[in-house]
Each structure stands twice: as structure tokens, then as C-alpha cells.
Amino acid sequence: MAKKPYYITTPIYYSSGNFHLGHCYTTVICDAIARFKRMDGYDVFYLTGTDEHGQKVQQRAEKAGVTPKQFVDRLYDQIVALWKTLDISYDKFIRTTDGYHELTVQKVYEKLLASGDIYKSQYEGLYCTPCEAYWTENQLKDGKCPDCGREVTKQKEESYFFRLSKYQDRLIKFYEENPEFISPKSRMNEMINNFIKPGLKDLCISRTTFDWGVKLPFDQKHVAYVWIDALTNYITALGYLQPDCKNFDKYWPADLHMVGKEIVRFHTIIWPAILMALDLPLPKKVYGHGWLLFGDDKMSKSKGNVVDPFFLVDRYGVDPIRYFLLREIPFGSDGNYTNEALLVRTNADLVNDLGNLVSRTAAMVTQYFDGTVPAPNAYIDLDKEIILLCESALEKVRADMEALSAPDALTDIFKIVQRANKYIDETTPWTLNKQGDKERLATVMYVLTECIRFAATLLKPFITRTSNVIFDKLGIKSPDNFDGVVKFGGTKAGTKVTKGENLFNRIDVEKELKLLDEIAAKQASDEQKNNTSADEQIEITDFAKVKLVTAKVLSCEKVAKSDKLLVFKLQVGGEVRQVVSGIAQHYSPEYMIGKTVVLVKNLKPAKIRGVESNGMILCADADGKVVFVTPESDVDSGKAVR
Ligand code: ME8
Numbered sequence: 002m003a004k005k006p007y008y009i010t011t012p013i014y015y016s017s018g019n020f021h022l023g024h025c026y027t028t029v030i031c032d033a034i035a036r037f038k039r040m041d042g043y044d045v046f047y048l049t050g051t052d053e054h055g056q057k058v059q060q061r062a063e064k065a066g067v068t069p070k071q072f073v074d075r076l077y078d079q080i081v082a083l084w085k086t087l088d089i090s091y092d093k094f095i096r097t098t099d100g101y102h103e104l105t106v107q108k109v110y111e112k113l114l115a116s117g118d119i120y121k122s123q124y125e126g127l128y129c130t131p132c133e134a135y136w137t138e139n140q141l142k143d144g145k146c147p148d149c150g151r152e153v154t155k156q157k158e159e160s161y162f163f164r165l166s167k168y169q170d171r172l173i174k175f176y177e178e179n180p181e182f183i184s185p186k187s188r189m190n191e192m193i194n195n196f197i198k199p200g201l202k203d204l205c206i207s208r209t210t211f212d213w214g215v216k217l218p219f220d221q222k223h224v225a226y227v228w229i230d231a232l233t234n235y236i237t238a239l240g241y242l243q244p245d246c247k248n249f250d251k252y253w254p255a256d257l258h259m260v261g262k263e264i265v266r267f268h269t270i271i272w273p274a275i276l277m278a279l280d281l282p283l284p285k286k287v288y289g290h291g292w293l294l295f296g297d298d299k300m301s302k303s304k305g306n307v308v309d310p311f312f313l314v315d316r317y318g319v320d321p322i323r324y325f326l327l328r329e330i331p332f333g334s335d336g337n338y339t340n341e342a343l344l345v346r347t348n349a350d351l352v353n354d355l356g357n358l359v360s361r362t363a364a365m366v367t368q369y370f371d372g373t374v375p376a377p378n379a380y381i382d383l384d385k386e387i388i389l390l391c392e393s394a395l396e397k398v399r400a401d402m403e404a405l406s407a408p409d410a411l412t413d414i415f416k417i418v419q420r421a422n423k424y425i426d427e428t429t430p431w432t433l434n435k436q437g438d439k440e441r442l443a444t445v446m447y448v449l450t451e452c453i454r455f456a457a458t459l460l461k462p463f464i465t466r467t468s469n470v471i472f473d474k475l476g477i478k479s480p481d482n483f484d485g486v487v488k489f490g491g492t493k494a495g496t497k498v499t500k501g502e503n504l505f506n507r508i509d510v511e512k513e514l515k516l517l518d519e520i521a522a523k524q525a526s527d528e529q530k531n532n533t534s535a536d537e538q539i540e541i542t543d544f545a546k547v548k549l550v551t552a553k554v555l556s557c558e559k560v561a562k563s564d565k566l567l568v569f570k571l572q573v574g575g576e577v578r579q580v581v582s583g584i585a586q587h588y589s590p591e592y593m594i595g596k597t598v599v600l601v602k603n604l605k606p607a608k609i610r611g612v613e614s615n616g617m618i619l620c621a622d623a624d625g626k627v628v629f630v631t632p633e634s635d636v637d638s639g640k641a642v643r
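Going by the working numbering, the letters in the sequence shown line up with residues 2 to 643, in that order.
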């Protein structure tokens with residue numbers, strides 16, 4: 002029987018900067034879903050790629066002194082290496098600079114022009130360059146871009162427009178008829194209330210202020226708006242409007258567009274309207290996941306390479322990183338990345354639960370049965386309870402994955418692991434051995450081996466390497482599907498088990514965190530040195546953005562479990578502020594009390610080792626020593642420093 006097609010996509014990643022762990026989040030989730038579906042009998046097409054056009058790329062390339070193409074090629078190499086490191090099993094990688102894509106985007110524009118969905122006019126609006134998006138005055142948040150919070154600039158240009166407003170009613174009808182289209186549900190309400198209800202305006206879909214983009218076939222002065230260029234990747238990659246379109250015929254419409262919450266708007270309003278205009282079926286689901294936050298902010302740069310995925314994989318291995326991303330972050334919501342959470346999660350689930358179960362079982366089969374899995378004897382009620390748990394797992398995990406919840410799927414799989422560990426404590430095989438009860442001991446060993454086989458099979462889509470290592474230890478071929486986890490009893494008696502090395506080694510969390518702090522500090526200082534050596538000059542208006550004030554230290558304590566950090570309560574005029582500073586190795590808390598310091602007052606709040614910090618105390622580097630900056634004579638707190 003022909004397999005059912007399943008088409009899943011990640012957004013295509015902007016080729017304008019460094020990729021960090023947040024970017025890996027979408028891709029790892031999609032990878033787990035794609036692998037799960039493949040094992041569950043689907044014919045999966047998993048698409049990812051890079052978004053390589055636009056003003057932002059052109060500007061970054063200019064700054065780097067290279068051509069835009071050279072710039073995106075470099076980032077392409079970086080991201081392909083990243084996906085390889087993370088075992089991402091995509092079926093196709095699309096670049097928006099690929100010739101076939103550019104040609105098809107032109108054909109799409111021609112089609113839209115022919116159908117009357119495009120017209121020429123003047124555009125004047127507020128443009129956010131990093132987001133490549135125009136906003137109206139009342140969409141701004143505090144005068145800034147509502148998506149990224151950065152400055153917008155007034156831009157005016159002759160442009161082509163897409164008749165988005167024409168599709169408003171059809172979109173509402175589509176949402177009503179397909180209540181699952183935008184998930185989670187909260188995002189559907191957000192789209193309707195914030196964007197559809199206020200009324201859809203026609204969309205400006207061409208640019209003339211830069212030229213790094215797909216030229217419009219009917220007006221070469223214009224390049225395609227980067228979002229239209231980018232969104233069409235989902236169909237151009239399949240061969241839409243191309244001689245070989247069998248993938249398009251087979252896989253479109255997409256089963257799932259997985260995207261971060263900030264780009265749901267583009268995928269659930271603009272994209273469906275374009276598809277309607279092209280007379281194509283709409284994707285079945287757009288899922289807007291939450292953000293991975295890095296303790297104090299969303300970006301990785303300020304934190305050094307500890308949130309660099311290459312660094313993390315190199316240090317801990319690919320599976321702990323994949324496992325953390327898939328298990329720790331409640332799906333659909335934002336979640337925090339901290340080094341501590343990663344290490345604790347690795348120790349608890351992978352080292353303690355899974356690692357121990359496998360090493361204890363392998364050791365016992367080796368010791369009691371010479372490394373050969375024995376045949377089971379009669380099952381007692383306790384065994385039957387476990388058999389039931391194993392045999393019902395696939396259904397549960399399938400339902401979890403249908404709801405796109407990898408954390409729930411992993412929780413359900415780990416129920417087998419945890420139950421099996423408890424079973425060892427309940428059955429005490431060492432006592433059975435002492436009592437010479439080989440018959441019962443054989444059954445217990447068999448049940449344990451089967452539990453491991455079930456867990457390893459179900460874990461395969463999530464932690465790609467460990468499952469295969471487990472199957473090697475069990476002397477069983479790693480399965481490509483879930484057929485073997487329907488019925489208990491798949492392991493053949495007589496199979497040779499090897500003990501080998503531990504799956505994971507326990508991490509000394511305290512020691513490791515200290516080390517990571519040191520690495521991050523070194524990284525930050527190297528980066529600072531690099532930045533200053535560039536001697537980049539800034540405007541006085543740039544400097545004026547930094548609000549410096551005097552502040553008096555009311556109290557000061559060490560931050561628990563840290564050698565470096567002090568937490569201060571500072572009097573800042575009429576206000577008391579809590580600030581964390583990394584100067585514990587240079588000043589004692591007692592010494593600091595009563596001192597006047599200079600505070601960066603308008604720094605975004607951050608959590609440092611779990612402690613809230615609202616600002617930064619200025620210090621000078623003095624050959625390995627750090628000294629805080631203080632006014633030359635007594636000044637009240639809260640006074641401006643200029
Ligand atoms: O948006 N946590 O590209 P992008 C979770 N080119 N997800 C994150 C994240 C974080 N900290 N940071 C980024 C674009 N992402 C467009 C897409 S599609 C036709 C065009 C996710 O490189 C982000 O939410 O800015 C998005 O889903 C993906 O990484 C790519 O983001």
C-alpha cells in the first residue's frame with residue numbers, strides 16, 4: 002500500500018547573522034516530528050532552508066565588505082554544518098538564491114498580475130529593516146516595531162501592491178471552517194483580534210530602495226518583497242510551476258508549517274491569501290511555537306559561546322541538547338534556557354533514568370546469564386502490568402505527537418524507563434540470584450530487556466544517537482518503524498548483550514557551571530576587545546541612549562553558588578534597584594556598602610544565575626583587577642553622569 006505523504010516545513014532561516022540555540026529549536030522539533038512520522042509509516046518530506054534576500058542581508062554584506070552572495074554563501078555553509086551536527090534529517094534544503102526558486106517567484110508575480118491581484122501605487126510607511134516589515138502608526142509599540150522593539154524609519158516608494166484586503170472575508174470563513182488551522186488556539190484569537198478585525202490593508206510587495214532580491218519580470222526596477230519571496234519557498238521547493246512538479250502534486254498542501262510565534266501573522270494571513278490568489282489549496286496547519294529565552298535575553302551574543310549550539314554539542318553530545326530542547330520547553334509557550342537546567346535535566350533523565358536502566362540490565366544479564374538474554378517463564382501480575390504499559394505506549398506517544406507535544410511524548414516514553422527501574426528495586430534480581438531462583442530471574446531479565454527495547458525504539462526520533470547505541474548493546478538491529486513495539490516479546494531469547502561503556506556520564510553540576518561561567522566571561526571580554534579594536538565611532542545621540550546615574554549601595558551580598566557575583570540593593574534617587582555584578586572576586590560585600598557607584602540605568606532587566614538584575618555597575622579593567630567607577634567627590638544618588 003502506498004504510504005501517506007506528510008509534508009512538514011521549518012521557516013527558512015535569515016542569512017544575516019549567527020545562528021544560535023533558539024534557531025535550533027524549530028528545526029529539532031520538526032526533525033523529531035519528521036522522524037516519528039517516517040517510523041510511523043508516512044512518506045515524509047521535510048523541508049528547511051535559508052532566506053537569503055533583502056535589505057538586511059545587503060546591509061550586513063556591505064558592512065562585512067563582501068558581496069551579498071559571498072555573505073549568504075558563508076552563512077549557508079554555517080547552517081548546513083549546524084544541521085549536520087544536530088542530526089537534522091531534512092529531505093530538501095532550499096536557498097532563496099537558487100535559480101529555480103527565483104524563476105518561480107517571478108512566475109508567481111506574473112500570475113498574480115494576470116489575475117488582477119497586483120496593482121501599482123505609492124507606498125509611504127514606517128519600515129522595520131531587521132523584520133523587513135511595514136507598520137502603521139497604531140501598530141507600533143511605544144513608537145517602535147511591535148515584533149522586535151527596534152526603531153522604524155519612514156520610507157516612501159513606488160510599489161506594487163497585493164490585494165490582501167480582498168481576501169479578508171475568505172480568510173475568516175476559512176478559519177471558521179478549519180478551527181485547527183492556527184495552533185495553539187490562542188494564536189488564532191491573536192490573529193483575528195489584532196490583524197483581521199481592524200481590517201486588512203493591501204500589502205506592498207515590491208521594493209525599489211535596494212536591489213538584493215528577485216527582480217519583478219514586468220518591472221525590473223523592483224525587487225520582490227522578501228516575505229513573498231520567502232513564503233513561496235514552501236511550493237517552489239516542491240517544483241510548483243516547474244517541469245518536474247511530481248513532489249508538488251504529491252505533497253502539497255503542507256501538513257504542517259512550524260514557525261515561531263512572531264511570524265504566525267505572515268503564515269496565517271499573507272501566505273493563505275497568496276495561495277487563494279494562486280488558486281491553490283491551503284496548508285493544513287500552522288503551529289506557532291514559543292521562544293527559547295536565554296536567561297537574560299533572547300539573543301546569544303551577549304552570553305558568549307555557551308549558547309552556541311556547536312559549543313554545546315561539542316561539550317555534551319548531540320542527544321542531551323536535542324533532548325533538552327524537546328523535553329524541557331513546554332510546547333507552545335516560551336521557555337528558559339539555562340546551563341543549569343540543561344545539566345540537571347541531562348543528569349536526571351539521561352544519566353540516572355535511562356543510562357542506569359541500560360547499564361544495570363546489561364550488567365545483570367552479563368553476570369547472571371553470561372550476556373545472553375534468557376527466555377521468559379510464566380508472567381506474574383507485576384510483569385503483566387509492565388507489559389501493558391509497554392504495549393499501550395505507542396498509542397499514547399502517537400497521540401502526543403499528533404498534538405505536536407514532544408515534551409508529553411518523552412514523558413510517556415520515560416514512564417517505561419522509570420517503571421522498569423522501579424521493577425528492578427521491586428524484584429531484587431540479586432536476591433533471586435542468591436536464592437538460585439533462575440526461573441524467575443530469567444523472566445525479570447527478559448522483561449527488563451524488552452522495556453529497554455520498547456523505550457529505545459520509541460526514543461529513536463528524539464535522541465538519534467543513543468537509541469542506536471542501545472540497540473548495539475542489545476545485539477538487535479535498530480528498527481526503522483514501530484512494528485516491533487506493538488506486541489511485547491520481540492526480543493529473541495539467546496540474543497547477546499554487551500555491557501560496554503555508560504550511555505552518559507554524570508555531570509558535576511556545580512563544577513561545570515563554574516567552568517561555563519568562566520568560559521562565558523572570557524568570551525564576553527574577548528568580544529569586547531574585538532569590538533573596541535574596531536574603533537567604531539558612534540554619534541553623540543548613540544551615547545545619549547545610555548542613561549548613566551549615580552547610585553548608593555544600600556546592601557550587598559554574595560549570590561548563592563557563585564564565586565563571581567554580588568547582588569546589590571542600590572538607592573537611585575527615590576528608587577531602590579536590585580543589580581547583580583560580577584565583582585565578587587575583587588570586592589567583599591561589606592566593603593561595598595555605602596559606596597557610590599555609576600549605574601547604567603536603562604539596561605534591559607536580566608536574570609543572572611536566577612537573580613533579577615536591573616542595570617549594570619560600571620567598572621574599569623585594571624590589568625586583571627576590576628575597579629568600580631565612582632565620582633571624584635560626594636554626589637547624591639540618582640544624579641546623571643554624562
Ligand atoms: O523569521 N527561540 O527567519 P529567522 C525559538 N526568514 N525560536 C527562535 C528563536 C528563539 N530564541 N530565535 C529564532 C525568519 N527562532 C524568516 C522566516 S519563512 C517563510 C521566513 C525561530 O531566522 C523563529 O521563530 O529570524 C523562526 O521560526 C525561525 O527561528 C527562523 O527565524
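Ideal Cβ placement from N, Cα and C applies to all residues, glycine included. Note that the structure is a prediction, hence the values are computed from the model and not measured.
query: Quick one: does the C-beta of N19 sit closer than 8 Å to a heavy atom of the ligand ME8?; result: no
query: Go ahead and label E386 buried or exposed: buried means 16 or more other beta carbons lie within 10 angstroms of its beta carbon, across all protein chains shown.; result: exposed
query: Is it right to say P180 is buried, meaning 16 or more other beta carbons lie within 10 angstroms of its own, or is it exposed?; result: exposed
query: Taking only heavy atoms of the ligand ME8 into account, decide whether any of them is closer than 8 Å to the Cβ of T27.; result: yes
query: For G126, which three-state DSSP category applies?; result: strand
query: Starting from the C-beta of K302, find all residues in its chain whose C-beta is less than 6 Å away, skip the five residues before and the five after it, and write them out in chain order.; result: Here the model assigns K302 a pLDDT of 46, short of 50, so the residue's position is not dependable, and the following value carries that caveat. Answer for K302: no residue qualifies.
query: Cβ of T130 versus every heavy atom of the ligand ME8: is any distance shorter than 8 Å?; result: no
query: Return helix, strand or coil for N306, following the three-state DSSP convention.; result: The predicted position of N306 is uncertain, since its pLDDT is 47 and thus under 50; a value taken from the coordinates is nonetheless stated next. N306 falls in the helix class under three-state DSSP.
query: Hey, would you say E158 sits closer than 9 Å to T209, going by beta carbons?; result: yes
query: Taking only the alpha-carbon atoms, compute the straight-line gap between T373 and P273 and give it to the nearest angstrom.; result: 58 Å
query: Within 10 Å of its beta-carbon, does M2 have 16 or more other beta-carbons around it, so buried, or fewer, so exposed?; result: exposed
query: DSSP on L281, reduced to helix/strand/coil?; result: coil
query: Under 9 Å between the Cβ atoms of I9 and L48?; result: yes
query: Taking the alpha helix (DSSP H) that P6 falls in, what are its first and last residues?; result: Unbroken run through P6 is the beta strand (DSSP E), K5 to T10; no alpha helix (DSSP H).
query: Can you look up K145 in the DSSP assignment and give me helix, strand or coil?; result: strand
query: What whole-angstrom Cβ distance do V111 and F219 have, given they're in contact under 8 Å?; result: It is worth fixing the name first, because residue 111 is Glu in this sequence and not Val. About 7 Å; that satisfies the 8 Å criterion.
query: Can you tell me whether P12 sits near the ligand ME8, meaning its C-beta is under 8 Å from at least one heavy atom of the ligand?; result: yes
query: When the distance is taken between beta carbons, is P408 closer than 9 Å to G289?; result: no
query: Considering just the uninterrupted stretch of the beta strand (DSSP E) at D220, what are its terminal residues?; result: D220 to A225
query: Quick one: what does DSSP say W253 is sitting in, helix, strand or coil?; result: coil
query: Can you give the Cα-Cα distance for L442 and P284, rounded to whole angstroms?; result: 54 Å
query: Any chance you could list the beta strand (DSSP E) runs of at least 3 consecutive residues sitting entirely within the region 433-490, in chain order?; result: none
query: On the three-state DSSP scale, how would you describe Q243?; result: coil
query: Please identify the residue among I330, G261 and N234 whose C-alpha is closest to the C-alpha of F249.; result: N234
query: Are D32 and D88 touching if we call contact CB-CB under 9 Å?; result: yes
query: If I measure Cβ to Cβ from V227 and keep anything under 6 Å in the same chain, skipping five residues before and after, which residues do I get?; result: H54, G55 and E133
query: For H24, is the beta carbon positioned less than 8 Å from some heavy atom of the ligand ME8?; result: yes
query: Check whether the Cβ atoms of A82 and F72 lie closer than 9 Å to each other.; result: no
query: Within the continuous alpha helix (DSSP H) that includes S563, where are the two ends?; result: S563 -> no alpha helix (DSSP H), and no H or E assigned at all.
query: M277 and Y168 - do their beta-carbons sit closer together than 9 Å?; result: yes
query: Out of curiosity, what's the CA-to-CA distance linking K304 and L517?; result: Note that K304 scores a pLDDT of 44, beneath 50, so its modelled location is shaky and nothing firm can be said.
query: State the beta-bridge partners of F162 as determined by DSSP.; result: Y120 and C205
query: Along the chain, where does the alpha helix (DSSP H) containing C391 start, and where does it finish?; result: D382 to E403
query: What does DSSP give as the partner residue(s) for S184 in the beta ladder?; result: Y288
query: First and last residue of the beta strand (DSSP E) that includes G50?; result: Y43 to D52
query: Helix or strand or just coil, what does DSSP make of F211?; result: coil
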